[in-house]
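Residues 15 to 243 in this note's numbering are what the sequence shown spells out, letter by letter.
For each residue, glycine too, the CB sits at the ideal point set by N, CA and C.
Predicted model, so just to flag it, every value in this text is computed and none were measured.
Worksheet: one structure, shown below.
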Amino acid sequence: MPTQNRLLDSLPRADRQRLLGACEPAALEKGQLLAQRGRPLRQAYFPLAGAISLTIHADGHQALEVGMVGCEGMLGSHWLLGPGVAPAQAEVLIAGRAWRIGRPAFSRQLALSTALRRNLGRYLGVRLEQLALAVACRRFHPIGPRLARWLLMSQDRAAADHFQVTHESLAQMLGVRRVGVTVAAGDLQRRGLIRYHRGELAVLDRPGLEVAACSCYAADGQAYTRRMA
15 MPTQNRLLDS LPRADRQRLL GACEPAALEK GQLLAQRGRP LRQAYFPLAG AISLTIHADG
75 HQALEVGMVG CEGMLGSHWL LGPGVAPAQA EVLIAGRAWR IGRPAFSRQL ALSTALRRNL
135 GRYLGVRLEQ LALAVACRRF HPIGPRLARW LLMSQDRAAA DHFQVTHESL AQMLGVRRVG
195 VTVAAGDLQR RGLIRYHRGE LAVLDRPGLE VAACSCYAAD GQAYTRRMA
């Protein structure tokens, strides 16, 4: 049976069932801190619904989002490379649920499954390509298209048309001033693409939002399909 996590579902049935047997279900609560940069990550997560934001703090500046993890992958993929410390802070942005596993148990699964090692390596390749794309996106694309892209990414992982998010957190995720997000979100709302009220955001017109988003949203999906096929 499919698990609703694309990385898990890419494994052969026997490997997937053995891995799930070593996992436990876990709730992802909004605001929950799952990892701190530079500290050991003791548990990995395979989200089924919800979104985990990966952020970096530098020189006293506000946190900047450098990635997002949801039902397409896992938090803890860097374990494949050996280091146990987290490369970024990981915080639940959109509540959901996941499968959770400790590092010793996951290491045993890696030793037993060639498919897990192979597919996890492919997923790390996706993450690297998406990270490089995000750097270029942040440098060259306007706030509006970047916001549309971020909302689509969040909706994909939330598995719902509405979720909770504030202008402050959007500004932090995009690395811009709050006023910029307010203007961009207001434009999307006037065009009938979204509805935003008191921290509740609803996607009203997904095809229209896809048109409004920068090309990086489609490029992200293409990178995943190409590398994970």
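Secondary structure remark: continuous alpha helix (DSSP H) runs of at least 4 residues inside the segment 85 to 133, in chain order: 117 to 126. In this structure, the alpha-carbon of M167 lies about 20 Å from that of D23. DSSP places A173 outside any alpha helix (DSSP H), giving it a letter other than H or E. If you draw a straight line from the Cα of H75 to the Cα of V193, it is about 18 Å long.
As the crow flies, the alpha-carbon of S229 is around 21 Å from that of D175. Linking E86 to L21 through their CA atoms gives a straight-line distance of about 6 Å. In this structure, the alpha-carbon of W113 lies about 27 Å from that of T180. Rounded to whole angstroms, G222 and Y210 show a C-alpha spacing of 16 Å.
Excluding sequence positions up to five before and after A226, its CB lies within less than 8 Å of the CB of G158, P159, A162, L202, R205 and L207, all in the same chain and listed in chain order.
M187 counts as buried, since at least 16 other C-beta atoms from the protein chains shown sit within 10 angstroms of its C-beta. Contact annotation: L130 and D29 have beta-carbon atoms nearer than 8 Å.
Going by beta carbons, A58 and G84 fall outside the 8 Å limit. For Q57, the uninterrupted beta strand (DSSP E) segment begins and ends at Q57 to I70. Judged by DSSP in its simplified three-state form, L218 adopts coil rather than helix or strand. One Cα belongs to R153, the other to V217, and the distance between them is close to 26 Å.
Under DSSP, G81 takes part in a beta bridge, and its partners are L68. Contact between A77 and Q103 holds: CB atoms are separated by about 7 Å, below the 8 Å threshold. Residue pairing from DSSP places Y210 in a beta bridge opposite L215. One alpha carbon belongs to L68, the other to R171, and they sit about 14 Å apart.
A buried status is given to G110, since no fewer than 16 other beta-carbon atoms sit within 10 Å of its beta-carbon.
Exclusion of the five residues before and after L25 leaves L33, S127, A129, L130 and N133 as the residues of its chain whose Cβ lies within less than 8 Å of its Cβ. With fewer than 16 other Cβ atoms inside 10 Å of its own Cβ, H71 counts as exposed.
Taking a contact as a CB-CB distance under 8 Å, the pair E105 and L47 counts as one, their CB atoms being some 5 Å apart.
For L55 against V99, the beta-carbon gap comes to about 7 Å, under 8 Å, which counts as contact.
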